[in-house]
Every structure is written in structure tokens, then in C-alpha cells.
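Q:
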Amino acid sequence: MDHQSAVNGINFLQCLELDVSVYIMSFIDDPSVLVRACAVSHFWREFVITNGLAKQLCVKTFPQFANIVDIVDESKTKKNSTTKNASEREILERDHKVYASLHWAILKANVPTKDCLQKAVSASSTDRLPDESVETTVGSRGRLTGWVSYWSSKGQSDPTVPETLIYKMKPGIWVITEIDIQPFEAFFQPDNPIYSSKSVRFRLGHLKPLSEIGSELGDLPLDVAADDKFKWTYTSPEFPMMQDSRLQQFVLPEPVLWVEGYLQVELLGRVQRQETDGLFYMCVNHVQALGRLLYPAFDVEVIEPYGFKKLVLKHVPEDLAPFLESTPNHDILHLRHLQDVAISHQLNWDVLVRGFEQGPNVNAFLDGDDDDLDEMNGRFGF
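Taking our numbering as reference, the numbering of the sequence shown is continuous, increasing by one, and the terminal residue is 385.
1) How would you call residue 21, buried or exposed, if buried means at least 16 neighbouring beta carbons within 10 angstroms?
2) Taking the alpha-carbon positions, what's the residue 234 to residue 129 distance?
3) Output yes if chain B places a C-beta closer than 8 Å to the C-beta of residue 42; else output no.
4) Please classify residue 320: does DSSP put it in a helix, a strand, or coil?
5) Is it true that the CB of residue 32 sits closer than 8 Å to the CB of residue 58?
6) With DSSP run on the structure shown, which of helix, strand or coil describes residue 325?
7) When DSSP labels each residue in this structure, what does residue 300 get in the three-state scheme?
8) Within 10 angstroms of the Cβ of residue 91, are there 16 or more other Cβ atoms? Answer buried if so, exposed if not.
9) Which stretch, first to last residue, makes up the beta strand (DSSP E) that contains residue 260?
10) Residue 246 by DSSP, collapsed to three states: which one?
11) Give every residue of the same chain whose Cβ lies closer than 8 Å to the Cβ of residue 122, excluding the five residues on either side of it in the sequence, and list them in chain order.
12) Give the straight-line distance between the Cα atoms of residue 45 and residue 69, rounded to the nearest whole angstrom.
13) Taking residue 208 as the reference, give the member of 214, 227, 239 and 187 with the closest Cα.
14) For residue 437, which option in 62, 67 and 24 has the closest C-alpha, if you only look at C-alpha atoms?
15) Terminal residues of the continuous alpha helix (DSSP H) containing residue 46?
This is the structure:
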């Protein structure tokens, strides 16, 4: 861009009313465009920062961040710098850098996926407690110990009666790409029936305010259904499930950003009748949700988990560049292979063979142009 073009660009913004200019810029949906706008001239940079366009774009794209009440710089060179003594200008500068960096990290974080489930919360029904508790389906319990462990619903004469399982997610900011379920094969029953569902759907949400649910959750897992204690704000499409005891991967249409919160697994349609009582059951061996964690570059503290209010965003600027440049692990969760082998030992040789037939699964990433990495790379031309 030559000097005259730059001048014309500046005059273009200056000739418009402020609200018109902000309205036009609100159509930008890529944080790198705002960064390039800052590079046009000092006037453009001031316009973007003063009007908080980076923050507006980030919050518009990821509404969970509308509840951020403070930002803490946990840089190794600073001691938990907050906004308590900052000037209005310093806050604007900080918000611009942090929200642009956060947005870019969500889009470009190049890190391996991890299981983001922390613990089981509840099941809509359970046949026998505690042996068939939903608690057995999360983490390594039963999968690496050699013990048979699974959740079982109560029996139903109507095969259309659904079941739900609820899990609490690990702390942090996650970009969730897929959810995996392993139906249970009852190898101790005639013909080794597999108690899968016909299909599955996933929801993500947070606890309702205490004023609505009456009391805190208490010790987990709960012995009763708790679906009415949550507000679900994301619902996936319905995925068909195979009547197969292998770990089945359900890749979300688009990766979903989530800040802590809870996952509901909705099992739809019963397919297997138990021979002894003629009732339909659903049984699950294992559930895991895979996502990319933005820690240590970004972390969050939820001050009020009931109602999901008042978030404190924590960031470490010097961790952002290596975080974006890290090499992804294209063999999603090598632990998955180890888990499948362990399962084979607790079942039979046929399961072992089926486990080895499972190939590696490639990470699913948000779309984006990697050519922008050098331009952003934690610096953003500030």
C-alpha cells in the first residue's frame, strides 16, 4: 500500500460517524483481520483498540467469555498483575492483546488432544449400585485394572425409553473435537450380547443457579438423575451407534469451545433384550471426550459455578508462541491403544484381535490458514 492509499484509508474512517465505522467493523469474523487493520496506521490501530473490537469479536464468537470479570497476567516476569490499579488506556491495550491472543489460540492451538472428563455426575437410571455405577465409565477405573466394569441402565419393556449419563469436565478452557463411547459386551451371558443404543446425542452445559436447583450437587456420583440441575447450551447432531463393543468415535461437526462445565450423553433406542427377564437394557463400558486444552497459555477460574458467572481469565504471554508452534500428536491418545489391549485381557482373545484392528485417529482441528502463524505468533504486531 502506497502512502496516498494509506491516507485515503485513514480519511475513509475519519469521514464516517463512529457508530457506522464500528458497525462496519463488526462484520469481521477473523482476528487476523483486526491485526492487519492495526498495521495500516496509528489511526487504525487506535480505532481498533479504543473501541474494543478484538474483545467484541472474541465474545461474539465464544459467548462464554462474556462472563469474564477480570484478567490476570501470570507472566513469570510479573506478580499476578490485575486491573486494580490500571488506567483505562492500559485496560484497553491489555484487552486488545489478550482477547486477540485468546481467539487466535482457540483457532490455532497445535497440541495433542486429551480426555477432558473429570468424573461422573449421574445416570438417569442404574440397575445395580454400586457395581454398575456410572462412575465406572470414566477414567482408567476398570479399563487398566483387569476388572470388568460397566454402567447398566434399568430394564425397560419399551425399547424407545432413552437414558442419559452426565459427566463433569476438567478445569480449563477446552476445544472439544470428539466424544468416544464403548458399549459393553456381556461375555458372561449366552451369545455375548452387546447392550448398545441405536444412536447417541451429546449436550454441553453448566449448573443452573442455586436459586433454581435448591441445593449444591454434593458428593459425586449422585444416586439419582440430575438432568434438571443443568442448562444445556450446546446440542450435537444425533449419531448412529453400532452394536459393537469397540470404542466408537463420534467426531463433532465443528470443534466446540468449552470452559469447564458438564457433558450429557443421551443414549437413544435400545437394541438388546436380556434373555433372563425379557427387558431391554443399555450398558456402557467407557466414555471419554477429547479436546485441546489451552493451558498453560490460558486458564480460567470460575468464581460462581452455579449459574456460570464471574470468570477470571489467566494468561501467560510467554507461553503462547511455543504453545502455537508445538507439534501435534497425530496418534490421538496413545493411551487409547494401551486401554484397548488392557480390555482384551479382561475379556477374550477375539476382543484382543478387534482391539489391534483399530488404527490411529488423526486430530481434528479448526479450519484456518497456517500462513498467519508467523504474523500472530503471540506478538500481533503490537
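Here a beta-carbon is modelled for each residue, glycine too, at the ideal position from N, C-alpha and C.
A: According to the structure shown:
1) The residue given as residue 21 occupies position 18 in the sequence shown. Burial call: exposed.
2) Locating residue 234 in the sequence shown gives position 231, counting from the first residue. Locating residue 129 in the sequence shown gives position 126, counting from the first residue. Between residue 234 and residue 129, the C-alpha separation is close to 23 Å.
3) Any reference to chain B falls outside this structure, which holds one protein chain only.
4) To locate residue 320, count along the sequence shown from 1; it is residue 317. The answer is helix: DSSP assigns residue 320 an H, G or I state.
5) Taking the first residue of the sequence shown as position 1, residue 58 is located at position 55. Taking the first residue of the sequence shown as position 1, residue 32 is located at position 29. In this structure, residue 32 does not lie closer than 8 Å to residue 58 by Cβ.
6) Here residue 325 corresponds to residue number 322 of the sequence shown, with the count starting at 1. Reduced to three states, the DSSP call for residue 325 is helix.
7) For this step, residue 300 is matched to residue 297 along the sequence shown. The answer is coil: DSSP assigns residue 300 none of H, G, I, E or B.
8) Translated into positions along the sequence shown, residue 91 becomes position 88. Result: exposed.
9) The count along the sequence shown starts at 1 and reaches residue 260 at position 257. Here the beta strand (DSSP E) through residue 260 covers 251-262.
10) By 1-based counting over the sequence shown, the position of residue 246 is 243. If DSSP states are grouped into helix, strand and coil, residue 246 belongs with coil.
11) Position 119 of the sequence shown, counted from the start, is the residue given in the question as residue 122. So the list reads 138, 141, 142, 170, 171, 223 and 224, once near-sequence residues are dropped.
12) Mapped onto the sequence shown, residue 45 falls at position 42. Mapped onto the sequence shown, residue 69 falls at position 66. If I take the Cα positions, the gap works out to 28 Å.
13) Numbered from its first residue, the sequence shown carries residue 208 at position 205. Of the listed residues, the one whose Cα sits closest to residue 208 is 239.
14) Residue 437 cannot be examined here, being either before or after the span of the chain that is shown, 4 to 385.
15) Taking the first residue of the sequence shown as 1, we reach residue 46 at position 43. Segment 45-53, the alpha helix (DSSP H) holding residue 46.
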